[in-house]
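First comes the structure, then the notes that go with it.
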Amino acid sequence: MELRALFPFAKILGRRLAYALVTIMIASTVTFVAIRSMPGDVLYTLAVSLAEELRITIEEARKIVYYIYYGIDVEKPVYVQYFEYVLGLLRGNLGYSTYFKRPVTYVVARALGWTVFTLSIGISLSFAIGVLTGMVAGFKRGSKLDSTLSTSLTILSAIPGYAIALFLYIILSARLGLLPARGAYSPDVEPGLNLRFIVDVLYHATLPILTYVVITFSGWSLLIRSNVAKILEEDFLKYAEARGISRRRIITTYVGRNSILPLVPLLALRIGGMVGGSTLIESIFAYPGMGYYLSIAMGIRDYGLLQGIFFMMTVATIVGVIVVEMVTPFIDPRVRREVVTT
Amino acid sequence: MRAKSGLYLFYLDVVRPVLKSGRGLFGLVVVVAMVFMATAGPSVIPLDIEIKPSMRWCLPSLEHPLGCDYLGRDLLSMVVHGSREVFLVPFIATLVGVVGGMSVGLLAGYIGGRARRALTAVTDIWLTIPSFPVIFILAYVLPKSPLTIALLLALFSWPGLARALAAEVSSLKSRDFIEVCINLRLGKLHVLFREIGPHLVPFVAYNFAALFVANMTSLIGIVLLGVAPLNPTNWGYLLNQMIFTYRGLLIPSGSIIIFILVSVFVVIKLGVVFFAQALEEVFNPRLRAYE
Numbered sequence: 000m001e002l003r004a005l006f007p008f009a010k011i012l013g014r015r016l017a018y019a020l021v022t023i024m025i026a027s028t029v030t031f032v033a034i035r036s037m038p039g040d041v042l043y044t045l046a047v048s049l050a051e052e053l054r055i056t057i058e059e060a061r062k063i064v065y066y067i068y069y070g071i072d073v074e075k076p077v078y079v080q081y082f083e084y085v086l087g088l089l090r091g092n093l094g095y096s097t098y099f100k101r102p103v104t105y106v107v108a109r110a111l112g113w114t115v116f117t118l119s120i121g122i123s124l125s126f127a128i129g130v131l132t133g134m135v136a137g138f139k140r141g142s143k144l145d146s147t148l149s150t151s152l153t154i155l156s157a158i159p160g161y162a163i164a165l166f167l168y169i170i171l172s173a174r175l176g177l178l179p180a181r182g183a184y185s186p187d188v189e190p191g192l193n194l195r196f197i198v199d200v201l202y203h204a205t206l207p208i209l210t211y212v213v214i215t216f217s218g219w220s221l222l223i224r225s226n227v228a229k230i231l232e233e234d235f236l237k238y239a240e241a242r243g244i245s246r247r248r249i250i251t252t253y254v255g256r257n258s259i260l261p262l263v264p265l266l267a268l269r270i271g272g273m274v275g276g277s278t279l280i281e282s283i284f285a286y287p288g289m290g291y292y293l294s295i296a297m298g299i300r301d302y303g304l305l306q307g308i309f310f311m312m313t314v315a316t317i318v319g320v321i322v323v324e325m326v327t328p329f330i331d332p333r334v335r336r337e338v339v340t341t
Numbered sequence: 000m001r002a003k004s005g006l007y008l009f010y011l012d013v014v015r016p017v018l019k020s021g022r023g024l025f026g027l028v029v030v031v032a033m034v035f036m037a038t039a040g041p042s043v044i045p046l047d048i049e050i051k052p053s054m055r056w057c058l059p060s061l062e063h064p065l066g067c068d069y070l071g072r073d074l075l076s077m078v079v080h081g082s083r084e085v086f087l088v089p090f091i092a093t094l095v096g097v098v099g100g101m102s103v104g105l106l107a108g109y110i111g112g113r114a115r116r117a118l119t120a121v122t123d124i125w126l127t128i129p130s131f132p133v134i135f136i137l138a139y140v141l142p143k144s145p146l147t148i149a150l151l152l153a154l155f156s157w158p159g160l161a162r163a164l165a166a167e168v169s170s171l172k173s174r175d176f177i178e179v180c181i182n183l184r185l186g187k188l189h190v191l192f193r194e195i196g197p198h199l200v201p202f203v204a205y206n207f208a209a210l211f212v213a214n215m216t217s218l219i220g221i222v223l224l225g226v227a228p229l230n231p232t233n234w235g236y237l238l239n240q241m242i243f244t245y246r247g248l249l250i251p252s253g254s255i256i257i258f259i260l261v262s263v264f265v266v267i268k269l270g271v272v273f274f275a276q277a278l279e280e281v282f283n284p285r286l287r288a289y290e
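Going line by line, the protein sequences match chains D and H.
Using numbering that gives the first Met the number 0, the first residue of the first sequence is number 0, and each one after it goes up by one.
Using numbering that gives the first Met the number 0, the first residue of the second sequence is number 0, and each one after it goes up by one.
Below you can see the structure in the form of structure tokens.
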């Protein structure tokens, strides 16, 4: 019995892991192409400084740069290079950051937490607010409140994310000075498990989180609104009302659950876009997450950092998607059944 | 005579409903303005490249309707001259993406079975790749030309549409009139393009507009981060210079000019979306708002 109950999860997990492998292959192909097409002058500068340090020829240094910094052995055929490179990435060899003079894993370990922290809170909050406003608009369909809400949400969803980030920055940080827009915590605060640090971190994270919420909640809200409007026409709802089921139960279980469920797979699919979108948001706020380091890596032409950060972004996305997908069978009995029968 | 009545019907069915809704009219005006800007605009408004230190960040006036940029150049002329690239690159990207999305979506929806599952898997995988960084990185390392950027944007334009179309086609396939066509032994291609196809036109048209604005946003975002300096009048490049090089956000008048430039972009984006929504409502009366 227990084993059978676990079956749907195992099946979803298996499919997702297979997808994840393909996604990782695509991501590593992108970084492989990026590194192999690294402009000659960048490579030359690296090789010259290494040659001086180790007292070897520039040609030798060039090979070492590829091998030590990025895990690519240029003497082997390209396809061997590629597979060794991908295997290296999977083993955690993310390369070497020439700017920070440290392995990329060191930088990533610092950056990943901030992105996951702000994004997960941002996504959850925006989903919750979107569901709430969408339900209100859906139930009051056709009312003045509904049309005001829908129109303003449509306008809001048309404003590009970076424009919202810039406006929030101008108003809340530059003009009013209410919120900090640089770094993840103040330099004078001691990092650790003390109240001052936690408050300071939350204070610094407010602007990015607020931005994620403002950018994305309108989309959820509009979707929920149309779902609610559709479900309100359904026969089973009239039957439920006729049976005398409490209004509260109808709103939460009958309408709420049915209108939210179709959005969960969509949430899984959108995570990739949101992780990617953090590149612009984090670099506008100089928030030291992965997106920020990605744009830094571009600016200073640090290819090791570039590949490592991008690879970790992909992995973070995949993990996010798997988490959301694994939750689906718990909340949706139809998915449980569907997986068992097919 | 016949053409005239056709034109009149077109007016009754399409133009009038669009004009009647405030949003539709707004969208139509914006779209016409966009076309004018990208075609005749540059020859009507000359490019102002003279650097005038005294006019830096000047506020809107009769002489400079949108104000001046960080070098004292007329912002309107920069916006008009940049518009061709800002509109054309996303347009090409969307065209390629929509054709790709339609091919995959129609195929997946129509064939069904194992082929559909395979195509769906590919689509789902593609959707989970963080697209912005990929475009960002490849735009950085690949040869910098507008066409490269357009194709990169197209690479991530197809999956959403493909997914939605596959669902749409497979639901249409189970309708009675399609069953009839199949029983009449009308060819598969006939059923797909002549019977199912027309039902998808409004849907595809709306998605075209939505993708176009999304690609425009991405393009400006990439250029804003300074990765692909295409044309010095590209709006993303102007924003990049205003924000990062000349620190416009720290100067009150600079913030206003940046706000104006972003507003131009937002108005265009909204206009295209509203125009598409109005068109979709024309083709699909069920969507019309309760009045």
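We treat Cβ as the ideally placed atom computed from N, Cα and C, and that holds for glycine.
The structure displayed is predicted, hence computed values, not measured ones.
Span separating the alpha-carbon of H:R174 from that of H:V203: Here residue 174 of chain H refers to the residue found at position 175 when the second sequence is read from its first residue. Here residue 203 of chain H refers to the residue found at position 204 when the second sequence is read from its first residue. Taking the CA atoms as reference points, H:R174 sits about 20 Å from H:V203.
To the nearest whole angstrom, what separates the beta carbons of D:F116 and D:V106, a pair I think is in contact under 8 Å? By one-based count along the first sequence, residue 116 of chain D stands at place 117. By one-based count along the first sequence, residue 106 of chain D stands at place 107. About 16 Å separates the two Cβ atoms, so there is no contact after all.
Whole-angstrom distance between H:K19 and H:F274, CA atom to CA atom: Along the second sequence, read from residue 1 onward, the residue named residue 274 of chain H stands at position 275. Along the second sequence, read from residue 1 onward, the residue named residue 19 of chain H stands at position 20. One alpha carbon belongs to H:F274, the other to H:K19, and they sit about 12 Å apart.
Can you round the beta-carbon distance between H:T244 and H:H80 to whole angstroms, since I take them to be within the 8 Å contact cut? Position 245 of the second sequence holds residue 244 of chain H. Position 81 of the second sequence holds residue 80 of chain H. Between H:H80 and H:T244 the Cβ distance is about 19 Å, and since that is not below 8 Å, they are no contact.
Closest Cβ-Cβ distance between D:P287 and chain H: below 8 Å? The residue you call residue 287 of chain D lines up with position 288 of the first sequence. Under the Cβ distance rule, D:P287 does not count among the residues neighbouring chain H, no pair being separated by less than 8 Å.
Continuous alpha helix (DSSP H) assignments of at least 4 residues falling wholly in the region 219-299 of chain D: DSSP assignment within the region 219-299 of chain D yields the following whole alpha helix (DSSP H) runs of 4 residues or more, N-terminal first: 234-241, 262-284 and 289-298.
Taking H:T216 as the reference, give the member of H:V133, H:N230, H:K268 and H:C57 with the closest Cα. On the second sequence, residue 216 of chain H is found 217 positions in, with the first residue counted as 1. Nearest in C-alpha terms to H:T216, of all of H:V133, H:N230, H:K268 and H:C57, is H:K268.
Assuming D:R181 contacts D:A285 (C-beta within less than 8 Å), just tell me the rounded distance between them. As a working mapping, residue 181 of chain D is identified with position 182 in the first sequence. As a working mapping, residue 285 of chain D is identified with position 286 in the first sequence. Confirmed, Cβ separation roughly 5 Å.
Can you give me the Cβ contacts of H:A288 inside the same chain, cut-off strictly under 7 Å, excluding the 5 residues immediately before and after it? What you label residue 288 of chain H is simply residue 289 of the second sequence in a count that begins at 1. Note that H:A288 has pLDDT 47, beneath the 50 cutoff, so the model's placement of it is unreliable and no number is given.
Beta-carbon neighbours of D:G81, restricted to chain H and to distances below 9 Å: Along the first sequence, read from residue 1 onward, the residue named residue 81 of chain D stands at position 82. The sequence shown places Tyr at residue 81 of chain D, rather than the Gly named in the question. Under the 9 Å cutoff, chain H gives no residues; its nearest Cβ is about 16 Å from D:Y81.
At a Cβ threshold of 8 Å, is H:P132 touching chain D? On the second sequence, position 133 is the one that residue 132 of chain H refers to. Using a CB distance cut-off of 8 Å, H:P132 counts as an interface residue toward chain D.
Give me the chain D residues within the contact set of H:L223, using Cβ-Cβ distance strictly less than 7 Å, ordered along the chain. For the purposes of this step, residue 223 of chain H is taken as the residue at position 224 of the second sequence. The answer, in chain order, is Y161.
Measure the CB-CB distance between H:V271 and H:G100 and report whether it falls below 8 Å. Numbered from its first residue, the second sequence carries residue 271 of chain H at position 272. Numbered from its first residue, the second sequence carries residue 100 of chain H at position 101. Taking 8 Å as the Cβ cut-off, H:V271 and H:G100 do not qualify as a contacting pair.
Is the region 105-113 of chain H touching the region 156-176 of chain H, taking contact as three or more C-beta pairs under 8 Å? As far as the Cβ criterion goes, the region 105-113 of chain H touches the region 156-176 of chain H, which means the pair count is three or higher.
Got a sec: is the Cβ-Cβ distance from H:Y289 to anything in chain D below 8 Å? Here residue 289 of chain H is taken as the residue at index 290 of the second sequence, counted from 1. Its pLDDT being 42, under 50, H:Y289 is placed unreliably by the model, and the measurement read from it follows with that caveat. Taking Cβ atoms only, chain D reaches closer than 8 Å to H:Y289, which makes this a yes.
Using a C-beta cutoff of 8 Å, does H:A165 count as contacting chain D? The residue you call residue 165 of chain H lines up with position 166 of the second sequence. No, because no Cβ of chain D sits closer than 8 Å to the Cβ of H:A165.
Looking at the structure shown, is D:A19 part of a helix, part of a strand, or coil, going by DSSP? The sequence position of residue 19 of chain D within the first sequence is 20, counting from 1. It is helical.
For the candidate residues D:P332, D:I57 and D:S172, whose alpha-carbon lies nearest to that of D:V47? Here residue 47 of chain D corresponds to residue number 48 of the first sequence, with the count starting at 1. For D:V47, the nearest C-alpha among the options comes from D:I57.
Taking D:F82 and D:V227 to be in contact with their CB atoms under 8 Å, please state how far apart those CB atoms are, rounded to whole angstroms. Walking along the first sequence from the start, residue 82 of chain D turns up at place 83. Walking along the first sequence from the start, residue 227 of chain D turns up at place 228. Contact between D:F82 and D:V227 fails: their C-beta atoms lie close to 50 Å from each other, not under 8 Å.
Where does the unbroken alpha helix (DSSP H) through H:I175 begin, and where does it stop? By one-based count along the second sequence, residue 175 of chain H stands at place 176. What sits at residue 175 of chain H in the sequence shown is Asp, not Ile. From DSSP, the alpha helix (DSSP H) with H:D175 extends over D175 to N182.
Endpoints, the alpha helix (DSSP H) within which H:G26 is located: Sequence index remark: in the second sequence, residue 26 of chain H carries index 27 (1-based). G21 to T38 is the span of the alpha helix (DSSP H), which, as asked, contains H:G26.
Taking 8 Å as the CB-CB limit, is D:L165 close to chain H? Numbered from 1 along the first sequence, position 166 holds the residue referred to as residue 165 of chain D. Under the Cβ distance rule, D:L165 counts among the residues neighbouring chain H, one pair being separated by less than 8 Å.
Can you round the beta-carbon distance between D:G70 and D:G94 to whole angstroms, since I take them to be within the 8 Å contact cut? Residue 70 of chain D sits at position 71 when you count from the first residue of the first sequence. Residue 94 of chain D sits at position 95 when you count from the first residue of the first sequence. D:G70 to D:G94, Cβ: 6 Å. Contact.
By Cβ distance, which residues of its chain are closer than 7 Å to H:A120, with the 5 residues on each side in sequence left out? The residue given as residue 120 of chain H occupies position 121 in the second sequence. Answer for H:A120: no residue qualifies.
Please report the straight-line C-alpha distance between D:P332 and H:G66, rounded to a whole angstrom. Counting from 1 along the first sequence, the entry for residue 332 of chain D is found at position 333. Counting from 1 along the second sequence, the entry for residue 66 of chain H is found at position 67. Looking at the two C-alpha atoms, the distance is approximately 59 Å.
At the 8 Å Cβ level, is D:V213 part of the contact set with chain H, yes or no? Numbered from its first residue, the first sequence carries residue 213 of chain D at position 214. Taking Cβ atoms only, chain H never reaches closer than 8 Å to D:V213, which makes this a no.
State yes or no: is the beta carbon of D:V21 nearer than 8 Å to at least one beta carbon in chain H? Taking the first residue of the first sequence as 1, we reach residue 21 of chain D at position 22. Answer yes: the Cβ-Cβ gap between D:V21 and chain H drops below 8 Å somewhere.
For D:Y78, is the classification buried or exposed, using 16 other Cβ atoms within 10 angstroms of its Cβ as the cut-off for buried? Looking up residue 78 of chain D in the first sequence gives position 79. Exposed is the call here.
So D:I317 and D:M289 are in contact, right, with Cβ under 8 Å, and what is the actual spacing, rounded? Residue 317 of chain D sits at position 318 when you count from the first residue of the first sequence. Residue 289 of chain D sits at position 290 when you count from the first residue of the first sequence. Not quite, the Cβ-Cβ distance comes to about 14 Å (not below 8 Å), so this is no contact.
Can you give me the C-alpha to C-alpha distance between D:T205 and D:L86, rounded to a whole angstrom? Taking the first residue of the first sequence as 1, we reach residue 205 of chain D at position 206. Taking the first residue of the first sequence as 1, we reach residue 86 of chain D at position 87. Rounded to whole angstroms, D:T205 to D:L86 spans 38 Å at the Cα level.
For D:I23, tell me which candidate among D:Y84, D:Y65, D:Y66 and D:R54 has the shortest Cα-Cα distance. As a position in the first sequence, residue 23 of chain D is number 24, starting the count at 1. If you compare the alpha carbons of D:Y84, D:Y65, D:Y66 and D:R54 with that of D:I23, the shortest gap goes to D:Y84.
Could you tell me the alpha carbon to alpha carbon distance between D:F196 and D:V188, rounded to whole angstroms? One-based indexing of the first sequence puts residue 196 of chain D at position 197. One-based indexing of the first sequence puts residue 188 of chain D at position 189. Straight-line Cα distance between these residues: approximately 6 Å.
When you compare the CB of D:A173 with every CB in chain H, is at least one pair closer than 8 Å? Reading the first sequence from its first residue, position 174 is the one you call residue 173 of chain D. Under the Cβ distance rule, D:A173 counts among the residues neighbouring chain H, one pair being separated by less than 8 Å.
Integer-rounded CB distance, given that H:I44 should sit under 8 Å from D:A33: If you number the first sequence from 1, residue 33 of chain D lands on position 34. If you number the second sequence from 1, residue 44 of chain H lands on position 45. Rounded to whole angstroms, the Cβ separation of D:A33 and H:I44 is 39 Å, and the two are not in contact under 8 Å.
Interface positions of the region 260-288 of chain D facing chain H (Cβ-Cβ less than 7 Å), listed along the chain: For chain H, the residues of the region 260-288 of chain D that bring a beta carbon within less than 7 Å of one of its beta carbons are L268, G271, G272, V274, G275, G276, T278, L279 and S282, in chain order.
If you compare alpha carbons, which of H:S82, H:V103, H:R246 and H:M33 is closest to H:R115? Numbered from 1 along the second sequence, position 116 holds the residue referred to as residue 115 of chain H. Minimum Cα-Cα distance from H:R115 among the listed residues H:S82, H:V103, H:R246 and H:M33 corresponds to H:V103.
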